[in-house]
DNA sequence: AAGAAATGTTAACAAATGTTAAAACTGTTT
DNA sequence: AAACAGTTTTAACATTTGTTAACATTTCTT
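Residue numbers (our numbering), protein chains in the order written: chain A, 8 to 238; chain B, 8 to 238.
Take a look at the structure:
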């Protein structure tokens, strides 16, 4: 799939920022429709088929939250990135995030926005594929879709976090998974506490993979973790 | 590695679908050999060196599973994508997946197939990189991936910094590693203090390599360090 | 030879990670 | 609404790792 086919709905009431963003995104190969408030956004959204929404929260007539609330009723899948002013409480945004969502605080660089868009699009495309993915990890089998870890004949259920974390590790087997990358992808939040939470799950995974001593989750100080399976 | 070098064995008994797939894949730069059943597949597979197999499950003479079972006996690494009819139980396929495998349900788009192929090829190439990282340093063995230093039967864990520093030294064994090079690569910072930190780790490595007196980390005043193993 | 700069070494401290358990949260049942 | 079972987060404490400071020694410069 190519960028040229990806259609973005951009909701931004500030005409300056709006057109600048639109220009940059178009330069990067996306199709972008700009709406200046929630009401207009809804109309446009219903008439077309978008792959991603960029939504400013503070807008006249209908704000970002109201907009998202509306479209979520008919479409629970489309990834949304909120554009927020710094002042806004993070709590509120987090409460609003559903499924494939993320948020980014103004002012932000266009590069950062692009990175997050790519991550979200990749993820949402993945989730469309109902199939896929049994991995061999040493003597274990890991079934990502079913969230189970198999050792010989014994199967063990993984929790959501365990499953996601093991998935990102195994997808990058032999390579370092940066803390920040994992936190962004799984926790959508790279705060201090999210980081500690991740450490807890690393510890849990290590326990669950203990039956094969050739498997190790190595911590790379200051960067992250890497999963290795030695010969 | 380039697409032009990637050789694919395609097993598909339906001549229509078979040649369509072959054409599309060739247009995308792959080399593709088409076989119409398992028996023929085995013969071709044994005579050549493929990077990926696309295997239809339902085939006359020898079906996809039987084919894979055969080739897995001699080659446990090559990635395989099963092409399956919708009716088939997912259980059976999943049970079959080992290591770098995936499957895709007919009908599928060529784009989706290409995406999965790329993902698998990337992963299998990575797992190749994972393996070669053990260096002999005098009487020691140094395993960069596992971050361990082995002397006779005793293994000693290295910290991340020790590991990185020893790695850059051993990769340039006999040659000077410039201070600045190491600092930029490992510390990502060539300030005064980072430099002192590096000196500390050089000191630590010297201690850990003391058991073999033919190993030396020589300091080259004003430039950096070099690792040498005499005789 | 004397002073300056670079390196060697050790130890104190700061920061990151490992681990366990309690608290908070979620969804479900009663 | 209370009780619950399962999951995740937060807190606390232990341990490991990395940085900085201090002082010793070596090397270079003049």
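Don't be surprised by glycine CBs; every beta carbon is placed ideally from N, CA and C.
{"Item": "Cβ shell of residue 20 of chain A (< 7 Å), same chain only, five flanking positions each side left out", "Value": "43, 44, 63, 66 and 67"}
{"Item": "Residue interval of the alpha helix (DSSP H) (run including residue 180 of chain A)", "Value": "Unbroken run through residue 180 of chain A: none, as it is neither H nor E."}
{"Item": "Residue span of the alpha helix (DSSP H) that contains residue 206 of chain A, given as start and end", "Value": "199 to 215"}
{"Item": "Neighbour flag for residue 230 of chain A against chain B, beta carbons, 9 Å", "Value": "yes"}
{"Item": "Interface flag, residue 152 of chain B vs chain A, CB-CB below 9 Å", "Value": "yes"}
{"Item": "Outcome for residue 22 of chain A when other beta-carbon atoms lying within 10 angstroms are tallied against a minimum of 16", "Value": "exposed"}
{"Item": "C-beta atoms of residue 235 of chain A and residue 153 of chain B nearer than 9 Å", "Value": "yes"}
{"Item": "Pair within 9 Å by beta-carbon distance, residue 216 of chain A and residue 142 of chain A", "Value": "no"}
{"Item": "Residue 29 of chain A in three-state terms, based on DSSP", "Value": "helix"}
{"Item": "Contact residues within the region 207 to 231 of chain A, judged by C-beta distance below 8 Å to chain B", "Value": "223, 225, 226, 227, 228, 229 and 230"}
{"Item": "Backbone CA spacing between residue 167 of chain A and residue 222 of chain B [nearest angstrom]", "Value": "49 Å"}
{"Item": "Contact set between residue 188 of chain B and chain A, taken where Cβ atoms lie within less than 7 Å", "Value": "Simply none; closest approach about 19 Å."}
{"Item": "9 Å Cβ cutoff, residue 81 of chain B in contact with chain A", "Value": "no"}
{"Item": "Beta-ladder partner(s) of residue 38 of chain A, from DSSP", "Value": "A:14"}
{"Item": "Rounded straight-line distance, which links the Cα of residue 37 of chain A to that of residue 193 of chain B", "Value": "37 Å"}
{"Item": "Burial state of residue 170 of chain A (16 or more Cβ within 10 Å)", "Value": "buried"}
{"Item": "Distance between residue 84 of chain A and residue 25 of chain A (C-alpha atoms, nearest Å)", "Value": "24 Å"}
{"Item": "Neighbouring residues, chain B, relative to residue 25 of chain A (Cβ below 9 Å)", "Value": "Within 9 Å Cβ-Cβ: nothing; residue 25 of chain A doesn't reach chain B, min ~32 Å."}
{"Item": "Where residue 15 of chain A falls, given that 16 or more other Cβ within 10 Å makes a residue buried", "Value": "buried"}
{"Item": "Cα-Cα separation, residue 114 of chain B to residue 190 of chain B", "Value": "53 Å"}
{"Item": "Within-9 Å CB hit, residue 14 of chain A to chain B", "Value": "no"}
{"Item": "Element boundaries [beta strand (DSSP E), containing residue 81 of chain B]", "Value": "First-last for residue 81 of chain B: 71 to 81, but that is the alpha helix (DSSP H), not the beta strand (DSSP E)."}
{"Item": "Rounded separation between residue 123 of chain B and residue 132 of chain B - CA only", "Value": "14 Å"}
{"Item": "Under the three-state DSSP convention, the category residue 45 of chain A falls into", "Value": "helix"}
{"Item": "9 Å Cβ cutoff, residue 53 of chain B in contact with chain A", "Value": "no"}
{"Item": "Inter-residue CB distance, residue 88 of chain B and residue 110 of chain B (contact presumed, cutoff 8 Å)", "Value": "6 Å"}
{"Item": "Where residue 222 of chain B sits in the DSSP three-state scheme", "Value": "strand"}
{"Item": "Neighbour-count burial assignment, residue 108 of chain B, 16 or more Cβ in a 10 Å radius", "Value": "buried"}
{"Item": "Residue burial classification, residue 164 of chain B (beta-carbon count within 10 angstroms, cutoff 16)", "Value": "exposed"}
{"Item": "C-beta neighbour in chain B for residue 162 of chain A, strict 9 Å", "Value": "no"}
{"Item": "Sheet register partners of residue 164 of chain B (DSSP bridge)", "Value": "B:155"}
{"Item": "Helix, strand or coil at residue 58 of chain B according to DSSP, with G and I counted as helix", "Value": "coil"}
{"Item": "Cutoff 9 Å: residue 196 of chain B Cβ touching any chain A Cβ", "Value": "no"}
{"Item": "Neighbour flag for residue 141 of chain A against chain B, beta carbons, 9 Å", "Value": "yes"}
{"Item": "DSSP three-state assignment for residue 89 of chain B, whether helix, strand or coil", "Value": "strand"}
{"Item": "Presumed contact (8 Å Cβ cut-off) between residue 149 of chain B and residue 177 of chain B, rounded CB distance", "Value": "6 Å"}
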